[in-house]
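Inspection log for the structure reproduced underneath, given as structure tokens.
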Amino acid sequence: MPPIIRSTITYIEDLFRGNAGGHDAAHSLRVYRNAMKIAENEPEADPEIVALAALLHDADDHKLFHTENNANTRSFLAENRVPEEMINQICTAINAVSFSQNRGKTPSTLEGKIVQDADRLDALGAIGIARTFAYGGEHGRPLQESVQHFHDKLLLLKDTMNTETGRQLAKERHAFMESFLRELQEDLLRLDQEVLLHRSL
Ligand code: NI
278 MPPIIRSTIT YIEDLFRGNA GGHDAAHSLR VYRNAMKIAE NEPEADPEIV ALAALLHDAD
338 DHKLFHTENN ANTRSFLAEN RVPEEMINQI CTAINAVSFS QNRGKTPSTL EGKIVQDADR
398 LDALGAIGIA RTFAYGGEHG RPLQESVQHF HDKLLLLKDT MNTETGRQLA KERHAFMESF
458 LRELQEDLLR LDQEVLLHRS L
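Numbering (the numbering used here), first residue to last: 278 to 478.
Following this line, the structure appears as structure tokens:
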């Protein structure tokens, strides 16, 4: 592992310490892993920009930090002697990810597209299920409300992927979520019927 990647992992672990919930260092590491998997099939992409943008994509997240102009990312990378041009490319990729999440736009650079796919993949499959219910629990949401979140948002993500590898991985994770939701609905229905039966006795 290149030293800059190792330092970045240490940096985000410190940065997110004490931040439980969806956006923590573990999320960033999974996005990094997803992004590298996608980048293997995208020879035009710069793997170092992909890696650093993936690891740092939440380092200036507005919900967690009150920084302007990617200040956390920029100062960390500058301290580690990453050239300014590269820092700008990394920030472009990061900003495209969060910008497009808000406004439904596609990132303009390939590195941004890869990191966006990688971030969306972490909302899908077993991890997506775990994160949705963890978030729901944290916010006191009833089970059905978390289930609704799958239909409103997560089940739509597979059609928004930018890369072929991202699409393929999303398809597998989507299928897993669908079968989980089917099973869950059956169990909930069964429970409802048992409760009704119980009441009529
Ligand atoms: Ni993220």
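Using N, Cα and C, we set each Cβ at its ideal position, and we do this for glycine too.
Which term fits A322, buried or exposed, when burial requires 16 or more other beta carbons within 10 angstroms of its beta carbon?
Translated into positions along the sequence shown, residue 322 becomes position 45. Under this definition A322 is a buried residue.
Which ranges would you report for the beta strand (DSSP E) in the stretch 407–465 if only whole runs of at least 3 residues count?
As far as the stretch 407–465 is concerned, it has no whole beta strand (DSSP E) run of at least 3 residues.
Do you know offhand how far R476's Cα is from T287's?
Counted from its first residue, the sequence shown places residue 476 at position 199. Counted from its first residue, the sequence shown places residue 287 at position 10. Their Cα atoms are separated by approximately 56 Å.
Residues near S375 by beta carbon distance below 7 Å, same chain, minus five either side
Counted from its first residue, the sequence shown places residue 375 at position 98. Excluding positions up to five away in sequence, the list is empty.
Out of curiosity, what's the CA-to-CA distance linking A336 and E325?
The count along the sequence shown starts at 1 and reaches residue 336 at position 59. The count along the sequence shown starts at 1 and reaches residue 325 at position 48. About 17 Å.
Only counting the same chain, and skipping five residues up and downstream in sequence, which positions put a Cβ closer than 8 Å to that of I281?
Within the sequence shown, the letter at position 4 stands for residue 281. Within the same chain, I281 has close Cβ partners E325, L329, N357, V359.
Determine the contact status of A447 and M454, defining contact as a CB-CB distance below 7 Å.
Translated into positions along the sequence shown, residue 447 becomes position 170. Translated into positions along the sequence shown, residue 454 becomes position 177. Not closer than 7 Å, so no.
Can you name, in chain order, every residue of its own chain whose Cβ lies under 6 Å from the Cβ of L432, other than the five neighbours on each side?
For the purposes of this step, residue 432 is taken as the residue at position 155 of the sequence shown. Around L432: no qualifying Cβ.
Do D335 and ligand 1 come close, with the Cβ less than 6 Å from some heavy atom?
If you number the sequence shown from 1, residue 335 lands on position 58. Yes.
Looking at A312 and I391, is the spacing between their C-beta atoms short of 7 Å?
As a working mapping, residue 391 is identified with position 114 in the sequence shown. As a working mapping, residue 312 is identified with position 35 in the sequence shown. Yes, Cβ-Cβ distance for I391 and A312 is below 7 Å.
Should D396 be listed as close to ligand 1, given that the test is whether its C-beta is under 6 Å from any heavy atom?
As a first step, residue 396 must be located in the sequence shown, where it is residue number 119. D396 Cβ: within cutoff of ligand 1.
Pick from R450, I364, Q421: whose alpha carbon is nearest that of L466?
Position 189 of the sequence shown, counting from 1, holds the residue named residue 466. L466 has its Cα closest to that of Q421, out of R450, I364, Q421.
Selection from E345, E449, I289 that minimises the alpha carbon distance to S305:
Along the sequence shown, one-based indexing puts residue 305 at 28. Selected option, being the one with the closest Cα: I289.
Simplified DSSP assignment, three categories, for V327
Along the sequence shown, read from residue 1 onward, the residue named residue 327 stands at position 50. For V327, the secondary structure class from DSSP, reduced to helix, strand or coil, is helix.
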